[in-house]
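From first to last, the protein sequence lines stand for chains X and U.
No gaps in the numbering here: position 251 of the first sequence is 251 in the UniProt record's numbering, and each next residue is one more.
No gaps in the numbering here: position 191 of the second sequence is 191 in the UniProt record's numbering, and each next residue is one more.
No residue lacks a Cβ here, since even glycine has one placed at the ideal position from N, Cα and C.
To start, the structure under review is shown below, and the notes come after it.
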Amino acid sequence: METLSSVRRPVRELRPGDHAWLAYSGEDEQRHVVGSFVRDGLEAAHKIIYLAGSDDVDVPGMHGVRARPGLLTVVPLADARRPDGGFDPGTVLAALTGEIAGAEDGDYTTIRVTADMTFALDLPGGLGELLRCERHIERAVCPSTRVTAICQIDRRRLSADARTALAATHSTFVTPNPEFADSVLQIVRTFDPVGLSLLGELDASRHTVLDEALNKVLGASRGEEIHLDLAGLGFIDLGALNMLADVAARRSGTGPLVLDRMPLQLRTIMETVGWHMLPGLRLGTV
Amino acid sequence: MTASPPPAPPAAAGARALEHRAFLFDGMPDFLDTAVPFVREGLEDPDREVVVVVAQQRLEPLREFFPEAPEGAFVAAETFYEHPVRTLRSYLELVKAKNPRSVHALAEPVWREEWTPRETMEWARYESLINEVFQGTRASALCPYDTSVLPEQILEYARRTHPWLVRDGVHVESRRFTPPREFSADVDRAREFPTPPESEYLPVTGHDLHELRQWVGERADRHGVSGRNAQNLVTAVNEVAANALRHGVPPVGVRLWTDGADLVCEVGDNGYWRDFSPLTGFVPPQTALDSGFGLWTVRLLVDLVDVRAGWDGTFVRMRVSR
């Protein structure tokens, strides 16, 4: 969740000193964002420190990447427990500090750290200790000129209060890399609900990129509704509606395409032509 | 009320075809003599859905005969006939919504004295298009024309746009009836395209139409077109320009000027639109996937669209009121 003081930043734009947080809605979103973070890091020969609940973690972003040996270190946090079974942030911080110090001795321009902290919520007093831990990390990472960090947590496990409190311990809110971005249009994947968020203006010169992005989402979907968040769309042309109707027709039998938060320009068109012109498309949240 | 319903036209065997008749009446008693039995016939037929759209002055006197009829079945024509292409769309939606029952409509178009001959002609075109758009729908439409007040020109349009005429309870074939494509071509021939005294021009070169939209939006604002009307104009011009870039021949450009109470925007290219027909963009598509969805939507979004497809190029002129 965002707070007033936080900055939204696509994962590829994270910089040293960013202590970002990712409250993922499910494994798809987690693997999408963290996968980009790991993959880009390996390709740029950055040091990757991956803190995980256990050591048999399937690190996202490794598929098809041939990384230099030693770039990736997985730190299992199974031991980060106090004798009474509670969560011990000291162990995490010590492990992290040790790895960062080791990496700084190496020849890495940037050190990428990421940790899935969800496991801590299961331990007694986990949330309180996690918050303390996060404050420490915030103090350690923010002044750094070499460390970039993403703290991951399963949003479904958090109460609204816990979410707000955890968000407040991070200066940056990480978002997926856009599927497409230029000076006129930006297309970003969404995961809850599954779909795309469109920002800017959509006309004939960018139908192809939308078609490609939609096909990627459809390819990864399991027949659920696909949502298009259109709140940021200043203009959509009639050809794009034709294209959306075509996509909807091709997947007839599965869930519809839902248009959420339609801007006035599009609402007027829809009221003018009538929804029956676009079978397979549905009005979502207003 | 002694008159009986007008005899049905000799329909082809089997499925009922569209019945589109002009009802030429003179005064209220004459109107009621035919209108009342027509409405009653529809109300008594379980396969039909009655819609009455007549001028305000005739609405109440007619409704008094049918105290049991559903309230929504009686509509004042003044609110229904505001934009020919939109009215056509609304009737088509109605026909679809009532299916499998067929629509039984007493449908009196509105003719306003302040209209220019051109506006009147567009409504006559609308009457003519009914024959094309609703063919095969089994709909039955009786269109009242008040001969005591309407000018001869409009009555002549009525005879040319309805295959059947009803007068004094008698049902006759209209000898002046002109098929929709031909009628529409006549309307197109009667148009004039005066060159504007002063206009602004923007050449359209790339496929990115962002600059064009901004250009049109700014000028719409400057000339007093705002809100939805401005957005609709931008959407319409963008669509026509995208088509010109895709199917036309360069140079493509947009000219914009004011004409009295209207703002006019014309997209032109050097190509010859070979399969253009006088009905292009008037017949509603089934869905957005049909070809023709774009131009049909453009016709709905602005007040008037004129397409000139000649050897000297293709020009689409769009008009919105300021």
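- Within the model, the alpha-carbon separation for U:F66 versus U:A139 is close to 21 angstroms.
- Put simply, of U:A190, U:T314, U:W257 and U:A244 the residue whose alpha carbon is nearest the alpha carbon of U:D221 is U:W257.
- Along the UniProt domain "MEDS" (20 to 163) of chain U, the beta strand (DSSP E) occurs as fully enclosed runs of 3 or more residues at 48 to 54, 74 to 76, 102 to 107 and 140 to 146, listed in sequence order.
- Annotation: the continuous alpha helix (DSSP H) that includes X:C133 extends over G126 to V141.
- Using a Cβ-Cβ cut-off of 7 angstroms, X:P16 is close to nothing in chain U; its nearest Cβ partner there is about 35 angstroms away.
- In the three-state scheme derived from DSSP, where H, G and I count as helix and E and B as strand, X:S6 is classed as coil.
- Within the DSSP secondary-structure output, U:V240 pairs in no beta bridge.
- Contact check for X:H227 against X:C142 fails: the beta carbons are separated by 7 angstroms or more.
- For U:Q214, the enclosing alpha helix (DSSP H) starts and ends at H210 to R222.
- Interface residue (Cβ-Cβ distance to chain U less than 7 angstroms): X:T268 is classified as such.
- For U:R213, the residues of chain X that pass the 7 angstroms Cβ criterion are F235, in the order they occur in the chain.
- Within the stretch 203 to 234 of chain X, the alpha helix (DSSP H) runs of at least 4 residues that lie entirely inside it are, in chain order, 207 to 220.
- For X:D192, there are no C-beta contacts with chain U under 8 angstroms, since the nearest C-beta of that chain is about 28 angstroms from it.
- The C-alpha of U:P70 lies about 15 angstroms from the C-alpha of U:K98.
- By the beta-carbon neighbour count (other beta carbons within 10 angstroms, threshold 16), U:E152 is exposed.
- Among the residues of the stretch 201 to 221 of chain X, those with a Cβ less than 7 angstroms away from any Cβ of chain U are E201, D203, A204 and S205, in the order of the chain.
- Residues of the same chain with a CB within less than 8 angstroms of the CB of X:G219, apart from the 5 flanking positions on each side, do not exist.
- Within the model, the alpha-carbon separation for X:E43 versus X:V65 is close to 8 angstroms.
- Under the Cβ criterion of 7 angstroms, X:M262 is not counted among the residues facing chain U.
- Residue contact check for X:P279 against chain U: a CB pair falls below 7 angstroms.
- The criterion of a C-beta distance shorter than 7 angstroms is satisfied by U:L263 and U:R322.
- The beta-carbon of X:A240 is placed no less than 7 angstroms from the nearest beta-carbon of chain U.
- When DSSP states are grouped into helix, strand and coil, X:F87 belongs to the strand group.
- Looking at the DSSP output, X:L257 shares a beta bridge with X:I226 and X:L281.
- Linking X:P178 to X:I187 through their CA atoms gives a straight-line distance of about 6 angstroms.
- Inclusion of U:V187 and U:R125 in the CB contact set at 7 angstroms is warranted, their separation being smaller than that value.
- Distance between X:P16 and X:T110, taken at the CA atoms: about 7 angstroms.
- Apart from the 5 residues on each side of it in sequence, U:W311 sits with its Cβ closer than 8 angstroms to the Cβ of Y272 in its chain, given in chain order.
- Distance from X:E129 to X:A120 at the Cβ level is roughly 7 angstroms; contact confirmed, criterion being Cβ atoms closer than 8 angstroms.
- Within chain U, no residue has its CB atom less than 8 angstroms from the CB of X:T254, the nearest being about 18 angstroms off.
- For U:W296, the enclosing alpha helix (DSSP H) covers residues F293 to L301.
- Residue environment: X:A94 is assigned as exposed (fewer than 16 neighbouring CB atoms within 10 Å of its CB, all protein chains considered).
- Interface flag for X:A181 against chain U is unset, since no Cβ pair is found closer than 7 angstroms.
- Collapsing the DSSP output to three states places U:F183 in a helix.
- Against X:G284, chain U offers no close residue; the least beta-carbon distance is about 18 angstroms (beta-carbon pairs closer than 8 angstroms).
- Going by DSSP, X:L238 is part of the alpha helix (DSSP H) stretching over L238 to R250.
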